[in-house]
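Chains as they are written, first to last, in my numbering: chain A, 1 to 432; chain Z, 433 to 864; chain Y, 865 to 1296; chain B, 1297 to 1728. Input: a single structure, listed below in structure tokens.
4 protein chains.
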Amino acid sequence: MEKIDFSIRCLGEPRVKSPLKEADFVEDSEKVIYSNDPAEILEQQKEFNELCAFEKAGPRRMIYHDPSWSKAAILTAGGLCPGLNDVIKSLTMTLKKRYRVPVVYGIRYGYAGLNPDYRYEPLVLDDENVDDIHCDGGTILGSSRGNQDEKVIVDTLMRMDINMLFCIGGDGTLRGAHAIAEEIKKRKLSISVIGIPKTIDNDISFIDKSFGFETAIYSTHTVISSAHNEAKGAANGVGLVHLMGRDSGFIAAFASLANSVVNYCLIPEESFSLDDGGPNDLIRSLVPRLKERKHAVIVVAEGAGQEFFDVTQKMIDKSGNVLNGNIGLLLKEKIKEAGDKYGIEINVKYFDPSYMIRSVPAHGTDSVFCLMLAQHAAHAAMLGRTDMVIGHWNSAFTHVPIVLSTSKRKKIELKSQLWRSVLALTWPEYQS
Amino acid sequence: MEKIDFSIRCLGEPRVKSPLKEADFVEDSEKVIYSNDPAEILEQQKEFNELCAFEKAGPRRMIYHDPSWSKAAILTAGGLCPGLNDVIKSLTMTLKKRYRVPVVYGIRYGYAGLNPDYRYEPLVLDDENVDDIHCDGGTILGSSRGNQDEKVIVDTLMRMDINMLFCIGGDGTLRGAHAIAEEIKKRKLSISVIGIPKTIDNDISFIDKSFGFETAIYSTHTVISSAHNEAKGAANGVGLVHLMGRDSGFIAAFASLANSVVNYCLIPEESFSLDDGGPNDLIRSLVPRLKERKHAVIVVAEGAGQEFFDVTQKMIDKSGNVLNGNIGLLLKEKIKEAGDKYGIEINVKYFDPSYMIRSVPAHGTDSVFCLMLAQHAAHAAMLGRTDMVIGHWNSAFTHVPIVLSTSKRKKIELKSQLWRSVLALTWPEYQS
Amino acid sequence: MEKIDFSIRCLGEPRVKSPLKEADFVEDSEKVIYSNDPAEILEQQKEFNELCAFEKAGPRRMIYHDPSWSKAAILTAGGLCPGLNDVIKSLTMTLKKRYRVPVVYGIRYGYAGLNPDYRYEPLVLDDENVDDIHCDGGTILGSSRGNQDEKVIVDTLMRMDINMLFCIGGDGTLRGAHAIAEEIKKRKLSISVIGIPKTIDNDISFIDKSFGFETAIYSTHTVISSAHNEAKGAANGVGLVHLMGRDSGFIAAFASLANSVVNYCLIPEESFSLDDGGPNDLIRSLVPRLKERKHAVIVVAEGAGQEFFDVTQKMIDKSGNVLNGNIGLLLKEKIKEAGDKYGIEINVKYFDPSYMIRSVPAHGTDSVFCLMLAQHAAHAAMLGRTDMVIGHWNSAFTHVPIVLSTSKRKKIELKSQLWRSVLALTWPEYQS
Amino acid sequence: MEKIDFSIRCLGEPRVKSPLKEADFVEDSEKVIYSNDPAEILEQQKEFNELCAFEKAGPRRMIYHDPSWSKAAILTAGGLCPGLNDVIKSLTMTLKKRYRVPVVYGIRYGYAGLNPDYRYEPLVLDDENVDDIHCDGGTILGSSRGNQDEKVIVDTLMRMDINMLFCIGGDGTLRGAHAIAEEIKKRKLSISVIGIPKTIDNDISFIDKSFGFETAIYSTHTVISSAHNEAKGAANGVGLVHLMGRDSGFIAAFASLANSVVNYCLIPEESFSLDDGGPNDLIRSLVPRLKERKHAVIVVAEGAGQEFFDVTQKMIDKSGNVLNGNIGLLLKEKIKEAGDKYGIEINVKYFDPSYMIRSVPAHGTDSVFCLMLAQHAAHAAMLGRTDMVIGHWNSAFTHVPIVLSTSKRKKIELKSQLWRSVLALTWPEYQS
């Protein structure tokens, strides 16, 4: 058993009285237990003489930054995700209306907006211009990919007198935020850097739920119904749906359970075969099913089946990452070939709805989650916490060190109830 | 002025009393005027001594087929379209509940279901199994492309004792229906062949509105909003939406007006240029717009810009038709190239939602249209009409000879109020 | 045969060259025929020596008002309706971007906004503040009921130098617009008054379709499905849905056809009985149906069954109109009583979704309709037409005198194909 | 600190080998910790020498009931809730496809379907007839209110040879299930009784989330937007939305956060005043807001403000419960009166969408939750557990004794982050 470091960096002692109401406060001593298994908890207690737990998020009686002298900046980076505008709205409202921070900047187009070379003017956010943005998808700030030199960024923060920076973005963005926090530390500045983790794939470790994921699952319903209709609309029809999920198959798995007409769900975590008789042989399961039922629906996560691509031929993106091969298009070809080989004319209809899923507005309980996440981010920044993200664990909001949250990716456990549920509803072989 | 032949073929004199209620009937003499321009009407009257008009659809007092001896068959062919199940439900209900036809077959997978080689069993339709199909997209019968030998089909119709065949499909399907009707005529059989024109592109001549089109337009809203969000979400973002419209741009034009965030709408009927300074030069309009506004949304119909493809390299489908080059992907490349050339990094997000638009269930007034269209098809069949489709013109349902409806495609008139409205809202050059 | 007066009042001869493109123009001579029945057309021709026809809407080469000296005002009055913001946006864009009218006012809260007593400041509309209003329901201008003294209003128009007034509203609003136009005429002013007829009930005469109606029908789908689910969810469950339709049953009839799970559709145009054995006896049809099928869905328009209320007890509104009795609640009671009488426990679930239907944004082809309607209203105003509304007839936009459009209400013809279709799908007695 | 009894009753030792795959199993020793606060956990450990924890749900290697000799019965009772059909489908699929239980009955209309007096025939469920029911709201089984004599029910279970009864329902239904389980115990029968807790109000104790709640929140979005549109559409417009929540305000609170245009949220847990100057005086906050902003949106839970009703005049339902007074209609009156008193004409638009919210189909992650809940219920029944419900706690599915789950209602803590978030966004006084 390895000990995990849940400790959060602080800019200094909170000495300013919070302007919030008395009833709102959380005590500093409150924590959120990491494990929910009593046996494990007792073992930790025995081994470390304390329980592994997150710092609990929430407003405190005493805060670090003086609201009336504060200037906050918010930026969004990476791909779109439902709920970005909810987060921006809630950050703005909490800072301006509750803490009475006089200036909240909206930085344009991610970190680029903090690099003077790009000459992007920041927006000045207030309750008027964020009032109904929660009903729109996308981000009113714009976004961009890739980080900027942290020295340049800290120069800009200093020049603009910003003492709180909120970075809404994924893994790469959070690593950028960490570098900025380190640079700030090196210069001994009093600037809080708070990350709000964005990953439509829901694959951030130490966080049980990321914003936008829920809405993304809701919006897969229509495309899977369409795939089902197209599959049934032709003899030997196959509806093939390519969903997001570069490293983790959460979207594919949840989407398959949410609209239980899916017959095969392929994810990065579990390999499959294509007509060589290996384990989970898609073709050898699909062809008999088509002969018997005349249609099938397949959901495939973009990171699944990467072993079918020649790594040497894969494309490299700007940051030097290896790009995934397009497994959706490969499957489309392979299934057609299988039809020729096995003597049935298979009609494959291919769906790639990714942009349509990520650019819708968040709704319902997902909006509530965005809103509260952002409130807690504002509280953490006011409290002088830095180099951390707001997380969620076992029904509570938490403070998580950036380093911990980006240490590895969350993946679907093949033995989990989630994945066993998917298997139970999909592969016909599984039941027999 | 050329005289148009609106006359409809009949199997014979109606001699059977309709089982419908007295109040329901339409008089045989009722017609629907073709032109709505008084000047043109008077000219026709002068030249032909009669007014160009359609036969009006509706139930008649006396019918040709004896309901209690009748057997009907329904088939769906070609690509999916919203409303197919509404049409199937309404045909079944009208034939079985109102005319008391004892047997209504649902033929599987288009014309293939009438070719014994395929061994597809027909469904027997009744009010139980069609009860809630109007809430589902697709077609419960399945569909297929391509026609079958009309002799084989008429053999099947005779063997199954079918005296009414309803063919729901597009241009090709209707030509197939005409060939079947001709074969029936040759053999002097009493089988009505009634077409129900399906074209999500709304491009059938002599018919002002085709079923499913309205729902298709409604379902473009989300994808265009997504494209807008993606475009605004990146500096110099372009949301590029590829919509249906092989020969006519109705879907693209209506979609652009329905969600008026579209900046360029490209249709087959009007050519455009790509950076050669010709008329409607997309690149030379887009680049300055991006510099000024930082984002743009483009809607392109699949049949637009075909002049950019080398005809000799185009693919040919099974029926020998030349397939369109993929203008969406071409534009994506050209726009990126333009970015390099003009020194701005353009972020193109490409959307191709076609299956998602055509496989949704019809709703609202579009469902009402499907329902009434099918009722009128049933009335026409019972009346002994044949070799015709049910049309709609100037607020009334009509009988249209198949030959007339397939004689040419309806296209957007460049001088029409529709197209001028699109231009007025899109190309920035147009206003100045 | 009575001759209808389709002539439109003009402020004067058009002498200003339109700034629009050459290709856009409609010829003054273009008309839209009123009847679509050849027999009737020939008879008119014989009797009046001309054909009954509307003036066709559209931009003209020469216009009356000089755009650069113009000031327009737009107001919305009466209850909400889908599409109000589309109309406001399209009016603003057409006037400002195409005609280059320098000032377009948005008048607050209907006619009250033109009465200085209320001290409502007008908005100044431009392409920025109307940019995305088409995605929101309601009206950005606000609305109010009731007219104001036309003398006061014309004083205000004079004081503000307004030469074009657009009144978006129903019957009452249009009568108010007529009074204003008359007052303007009396004072010999050059102010165009153009009405844009708003009626979610689709009940304006001489106009085949009113904006918002289509969207309203789309949005009834969910409530009728809910009623169906509730009805099936209890033994002898009845889902009772009260829909709009004060004098005409178009919404109830279309909604019943659009989601064909409705078993009874009650409208103002056809009376029915409640357990006295009269014609269309709802109770005596419903009770046996419940015994056999255990559930039923009833749609009732608010103006149906008013004969069951004692006129002397009806409420009177501010304008002296007799308010309808609430037929929905009455039916709820009567059905429960019938259960007691006939010994079955009937579970009635009552739905009254009216505000939810009228306050949604317009979508799809309905948005397109709003947009083009408003464009034509702008063209008509620039042309110097006045005291008229923009209508739609047989696929074309038309000019209709206000007096004609308010002369009577459009109602469902009981012999029409629309109503016969509803009957064919609802009352079980109808089929047998 | 009181010790909570989490122990679950078993019918006997599991001795049958489960037919499920090896990888699926959960170990008997696995538990789910109750508290997530380390301090509390340590205190429990000290006081009770063990940790408070739920038994973890999931399939076990050895089970109690022999699948091939089993007969299951499923019933739904109480009001509709999104997801009922998902639960029915998933129970049926898990029992029939995975455990190979030969017979699964769907009992009609709740407990009444187990009372022979009602003569309701059960449905026989299989994978065909449950295949697409997850896309429909309501329950295919029908429901009813009220319990039946447990002796009669156990007689029926014995007569039908049922050894697993699944009761999907709320508090009352679960108490009924407990009574049945007690009667079974008394007779020493081997019948598992498993409850699946249904409460759209999300108010069951010891369960952090109940199925259908999430979908309910999603479906409040439209009605709150409508209320906002209506409020802004008139001068001094108030959109007043009456939502479910008899004893707990979770729906009202989440709905207010999910579509953050709400200005006042009233729940049963916090009292308010009406113009007497007491704490949370709605009228004295609303009137100034209307004067300044001209519109407001109010959300009120049905159980709020019951102190304004005279208990002696409240209605009593069949079971002797006191029915709530209609606070929505009361507020409507009071607000109008306040307008008269304070001299502004307030336009109140009242919305009561309850049936529309509860009768929609579940979607997205809520459907996934239903599906997994039902799988775990099937596992628990096969394992011979009884007199328990399937719960969910801190990201895991749990076994909860019925007696514990019905011991008290979950309510909103006024000091919770949830409620403080609502306050922070609503009452204007709260910020100042």
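Where is the CB? At the ideal position from N, CA and C, for every residue including glycine.
Could you give the uninterrupted runs of the beta strand (DSSP E) lying entirely in the stretch 227–293 of chain A, keeping only those of 3 residues or more? Here the runs fully enclosed are 237–243, 264–266.
Out of Z:T858, Z:D742, Z:A685, Z:Y552, point me to the one whose CA is closest to Z:Y541's CA. Minimum Cα distance to Z:Y541 is reached at Z:Y552.
Buried or exposed: which applies to Y:E886, given that a residue is buried once 16 or more other Cβ atoms fall within 10 Å of its Cβ? Y:E886 should be labelled exposed.
Can you give me, in chain order, the residues of the stretch 1226–1257 of chain Y that have a beta carbon less than 7 Å from any beta carbon in chain Z? Under the 7 Å Cβ criterion, the stretch 1226–1257 of chain Y contributes H1227, G1228, T1229, S1231, V1232, L1235, M1236, Q1239.
Identify whether Y:K935 lies in helix, strand or coil by the three-state DSSP scheme. Strand.
Just verifying my parser: in three-state terms, what is the DSSP assignment at A:R15? Of the three classes helix, strand and coil, the one that applies to A:R15 here is coil, per DSSP.
Can you name the start and end residues of the alpha helix (DSSP H) that Z:N517 belongs to? Following the DSSP letters along the chain, one finds Z:N517 inside the alpha helix (DSSP H) bounded by residues 516–525.
Taking the straight line between their C-alpha atoms, what separation do you get for B:Q1602 and B:L1562? Looking at the two C-alpha atoms, the distance is approximately 11 Å.
Which residue marks the beginning of the alpha helix (DSSP H) containing A:M164, and which one marks its end? Counting along the chain, A:M164 falls outside any alpha helix (DSSP H), though it belongs to the beta strand (DSSP E) covering 164–169.
Taking the straight line between their C-alpha atoms, what separation do you get for B:Y1651 and Y:L1194? Y:L1194 has its alpha-carbon roughly 19 Å from the corresponding atom of B:Y1651.
Select from Z:R530, Z:E462, Z:L507, Z:P514 the residue whose C-alpha is nearest the C-alpha of Z:S500. Minimum Cα distance to Z:S500 is reached at Z:R530.
So which residues of chain B does Y:F1215 contact, with C-beta pairs closer than 8 Å? By Cβ distance, chain B contributes Y1651, M1652.
Using a Cβ-Cβ cut-off of less than 8 Å, give me the residues of the stretch 27–39 of chain A that come near chain B, in sequence order. Hits within the stretch, in order: S29, E30, K31, V32, I33, S35, N36, D37, P38, A39.
Rounded C-beta distance between Y:T1079 and Y:V1224? I'm assuming under 8 Å. 6 Å between Cβ atoms; contact.
Which full runs of the alpha helix (DSSP H) of 4+ residues lie inside the stretch 338–368 of chain A, going along the chain? Within the stretch 338–368 of chain A, the complete alpha helix (DSSP H) runs of at least 4 residues fall at 354–358.
Do you know offhand how far Z:Q580's Cα is from Z:G608's? Near 8 Å, if we compare the C-alpha coordinates of Z:G608 and Z:Q580.
Where the stretch 1700–1717 of chain B meets chain A: residues whose CB sits under 7 Å from a CB there: Sequence-ordered contacts of the stretch 1700–1717 of chain B with chain A read K1711, Q1713, R1716, S1717 [C-beta pairs closer than 7 Å].
Taking the straight line between their C-alpha atoms, what separation do you get for Y:C999 and A:P14? Cα-Cα distance, rounded: 45 Å.
Pairwise C-alpha distance: B:V1450 and B:P1418: In this model, B:P1418 and B:V1450 are separated by some 16 Å (Cα to Cα).
Residues near A:A377 by beta carbon distance below 7 Å, same chain, minus five either side: Taken in chain order, the residues that qualify are L91, F166, I194, I196, I390.
Should the stretch 661–673 of chain Z be regarded as contacting the stretch 634–644 of chain Z, the criterion being three or more beta carbon pairs within less than 8 Å? Taking 8 Å as the limit for Cβ pairs, the verdict is that the stretch 634–644 of chain Z does not touch the stretch 661–673 of chain Z.
Please report the distance separating the alpha-carbon of A:V26 from that of A:P59. If I take the Cα positions, the gap works out to 6 Å.
List in chain order: all unbroken beta strand (DSSP E) runs of 3+ residues lying wholly within the stretch 378–407 of chain A. DSSP runs (the beta strand (DSSP E)) wholly in the stretch 378–407 of chain A: 388–393, 396–401.
Secondary structure of Z:T571, DSSP reduced to three states: If DSSP states are grouped into helix, strand and coil, Z:T571 belongs with coil.
Take Z:K843 and list the residues in its own chain whose beta-carbon comes closer than 6 Å to its own, dropping the five residues that flank it on each side. These residues qualify, in order along the chain: S680, E701.
At a CB distance below 7 Å, what residues from the stretch 1389–1412 of chain B approach chain Y? Give them in sequence order. Answer in chain order: Y1405.
Pick out the complete beta strand (DSSP E) segments inside the stretch 1319–1370 of chain B, 3 residues or longer, and give them in chain order. Fully contained in the stretch 1319–1370 of chain B are the following beta strand (DSSP E) runs of length 3 or more, in chain order: 1327–1329, 1349–1352.
If you check the beta carbons only, do Z:I506 and Z:G538 fall under 8 Å apart? Yes.
Starting from Z:V586 and walking both ways along the alpha helix (DSSP H), at which residues does that stretch end? Here the alpha helix (DSSP H) through Z:V586 covers 582–591.
First through last residue of the beta strand (DSSP E) which encompasses Z:V732: Element bounds for Z:V732: 727–733.
Residues of chain B with CB closer than 9 Å to the CB of Y:K953, please, in chain order. Per Cβ cutoff of 9 Å: no residues; Y:K953 is ~15 Å from chain B at best.
Alpha helix (DSSP H) segment containing A:S205, residue limits: Unbroken run through A:S205: none, as it is neither H nor E.
Between A:K71 and A:D161, how many whole angstroms is the CB-CB distance? I'm expecting something under 8 Å. For A:K71 against A:D161, the beta-carbon gap comes to about 5 Å, under 8 Å, which counts as contact.
Under 7 Å Cβ-Cβ, which residues of chain B neighbour Y:A1099? Chain B residues near Y:A1099: Y1405, G1438, S1440.
Rounded to whole angstroms, what's the CA-CA distance from A:T398 to A:K341? Just pull it up for me. Rounded to whole angstroms, the separation of the alpha carbons of A:K341 and A:T398 is 55 Å.
Am I right that B:I1384 and B:T1435 are in contact with their C-beta atoms under 8 Å? What's the rounded C-beta distance? Confirmed, about 7 Å.
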